[in-house]
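Here is the structure we will look at.
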Amino acid sequence: MTLDLVPYSQAHSTVDDILGVVAAIALLFVVFALLPSRGRGRIRQPIVFLALHVAAVGILRLFPLDGAANRFLSFAAVGFYWCAIGRSLVLLVLDVVLERRNAQVLPKIMRDLTQGTVYAVAVLASLRTTGVEPGSILTTSALLTAVVGLSLQETLGNLFAGLAIQIQRPFDIGDLIQFDADPSLAGRVVEVNWRATKVLTFDHVEVTVPNATMAKAPIRNHTKPTNISRRSVSVSAPYDASPETVQQILLSAAHGAPGVVADPCPSVVTANFGDSGIEYSVRFFTDRFQTREVVDGAVRDRIWYALARSGIEIPYPIRTVHMHQISADAAQRTNGVRAAERERTLLAVDFLRVLPREQLEHLVVKTSARLFAPGEIVVRQADTTAEMYIVERGEVVVTLENDAGEVELARLVSGDFFGEMALMTGEPRSATVKTSKETSLLVINHDAFKPILDAVPELAGHISRVLAERQSDREAVAVQSQRVNEQQVYAKSSELLGAIRSFFSLG
Ligand code: CMP
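Heads up: the sequence shown at position 444 corresponds to 444 in my numbering, and the numbers run straight through without jumps.
Encoded structure:
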């Protein structure tokens with residue numbers, strides 16, 4: 001339906017024009033002043049609309065046009081004006097009032113929809129100036145409605161799905177989600193707009209998922225309600241190692257692995273009796289979903305080291321037959337080389353150098369080597385284990401936990417030893433010792449040392465002196481003072497000697 005057309009210059013006086021522009025500029029000033037500084041750039045759009053309005057009105061006033069040109073410019077002048085006002089009001093309501101109240105950025109889809117509606121209303125209202133009744137477009141054109149409806153079916157589907165996602169909120173911007181069985185499509189939500197949701201995957205690829213697809217997908221949110229999710233790693237162990245033993249080893253391996261949280265704690269289940277061994281599933285929780293494969297890898301590393309230390313071999317497929325023959329001579333030679341290496345390591349410890357030959361050989365046989373992964377705790381402060389370790393290769397860090405936090409006492413490398421306090425006195429561990437790289441340690445336990453002290457009781461005096469010096473160092477750090485003096489070390493040494501004698505039941 002068309003209306004009787006009243007030319008723009010007749011419908012509006014110059015005073016109307018000036019008042020209208022002044023009102024629009026005043027509104028722009030208010031919006032600009034209230035907008036948060038990061039969003040001030042958005043004011044450019046209404047300014048451009050207002051400028052275009054002024055240009056269109058200027059042409060209409062300066063060059064009286066007829067017919068289609070006049071209609072078009074009148075439509076443009078009114079349309080740009082209402083778009084400028086509409087955009088300013090949208091900024092005022094969404095960016096100033098709602099964002100301040102919600103204290104967060106509104107979803108893009110809400111912004112786009114509101115803005116789109118405002119522009120549509122501005123355009124429809126401006127149609128009057130061209131002589132077209134806007135209502136007639138909406139109500140009478142069934143054909144247009146059908147065409148638009150059919151062609152926009154998918155787009156509208158995405159739009160409504162996007163709205164449903166916003167209302168239901170299975171995720172927010174910034175959440176880590178997985179919406180597909182393919183784990184490489186997991187990533188961080190970066191945008192939800194009127195057509196699609198954008199996810200930045202961990203491969204740094206932006207995936208655009210139509211909202212309709214997203215609305216149908218089972219979405220796994222790894223940020224909400226908590227950022228902790230469970231992982232599991234499979235490992236096989238030989239049939240001759242009991243499930244109880246293996247499970248304990250696997251549990252302790254998973255416990256301190258980097259990225260594994262302590263609560264909820266890891267668990268192990270016997271998963272299957274496989275061809276080559278018993279299969280176990282080690283389950284643990286991590287708060288590093290983004291680097292979950294690295295965490296899985298770290299747990300596998302720890303499992304390898306823990307099983308190797310316990311002498312449990314991860315089985316090969318049973319069908320592979322390894323023919324490996326070592327002659328008696330060769331075996332003896334290999335053992336001889338190992339014994340010589342072990343003896344050299346033992347002799348690096350000052351108080352073991354005084355051992356008679358027989359006692360040293362006894363110790364060589366009784367010690368065993370253990371391999372640790374980087375970052376593993378070998379002894380924990382206050383634990384009551386009683387083994388002493390000599391560093392064969394690698395490095396360990398000795399730390400003391402006190403009121404001020406964690407203090408590093410020393411870094412020990414090849415030839416250094418630790419754990420002698422508990423070995424000798426049976427006291428709880430006085431510090432925590434952790435590997436800083438892959439480290440091989442030689443272990444001496446209480447039973448191996450007892451016959452030596454029985455045979456060379458004077459050794460207890462020498463050892464008590466070394467222990468006293470180390471303890472003084474530790475105390476000096478704890479109270480942040482200079483090292484304690486000679487007399488105090490002497491007193492401590494006598495006290496420790498008593499403890500050693502009693503722990504080893506020396507006469
Ligand atoms: P133990 O108490 O059995 O367990 C922790 C070990 O850390 C301790 O024995 C020492 O061997 C070692 N340790 C403690 N303090 C120091 C230090 N100041 N320097 C080097 N090693 C230390």
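For every residue, glycine included, the Cβ atom is placed at its ideal position computed from N, Cα and C.
Keep in mind it's a predicted model, so treat the numbers as computed, not measured.
Within the same chain, Y305, R309, V378, G394, T435, E438, T439, S440 and L441 come within 8 Å of F372 by CB-CB distance, once the 5 residues on both sides are set aside. Taking non-hydrogen atoms of ligand 1 into account, the C-beta of V489 is found less than 7 Å away from none of them. Each of V78, P36 and V31 was checked against the Cα of A11, and the nearest Cα belongs to V78. If only complete runs of 3 or more residues are kept, the region 190-250 shows the beta strand (DSSP E) at 196-201, 206-210 and 229-237, in order along the chain. With a beta-carbon spacing of about 6 Å, L409 and T399 fall inside the 8 Å limit used to define contacts. Counting C-beta pairs closer than 8 Å gives three or more between the region 116-136 and the region 82-96, which meets the contact rule. When C-alpha distances from R128 are compared across Y8, N193 and L156, the shortest belongs to Y8. Take the alpha-carbon of Y316 and the one of A237: they are about 10 Å apart.
Every unbroken stretch of the alpha helix (DSSP H) spanning 4 or more residues and falling wholly within the region 434-482 is given here in chain order: 446-455 and 459-478.
Environment of ligand 1, chain-ordered: V379, V398, L409, A410, F418, G419, E420, M421, A422, R429, S430, A431, V433, R470, D473 and R474, taking every residue with Cβ within less than 6 Å of a heavy atom. A straight-line Cα-Cα distance of about 21 Å links K366 and T384. In the displayed model, Q166 falls within a helix according to three-state DSSP.
By DSSP's assignment, N272 forms a beta bridge with E279. By the Cβ criterion, the region 155-162 is in contact with the region 189-200, since at least three pairs of Cβ atoms, one from each stretch, lie closer than 8 Å. For R501, the enclosing alpha helix (DSSP H) covers residues E486 to F503. The residue among S37, A298 and M421 with its C-alpha nearest the C-alpha of Q381 is M421. Residue range S368 to F372 is occupied by the beta strand (DSSP E) that includes A369. In the structure shown, A186 falls within a coil segment according to DSSP collapsed to helix, strand and coil. In this structure K216 is exposed. Its beta-carbon is surrounded by fewer than 16 other beta-carbon atoms within 10 angstroms. Around the beta carbon of H204, a 10 Å sphere encloses fewer than 16 other beta carbons of the protein chains shown; the residue is thus reported as exposed. When rounded, the separation of the alpha-carbon atoms in A271 and G149 is 55 Å.
For L412, the enclosing beta strand (DSSP E) has its first and last residue at G405 to V413. DSSP places E395 in the strand class (E or B) of the three-state scheme.
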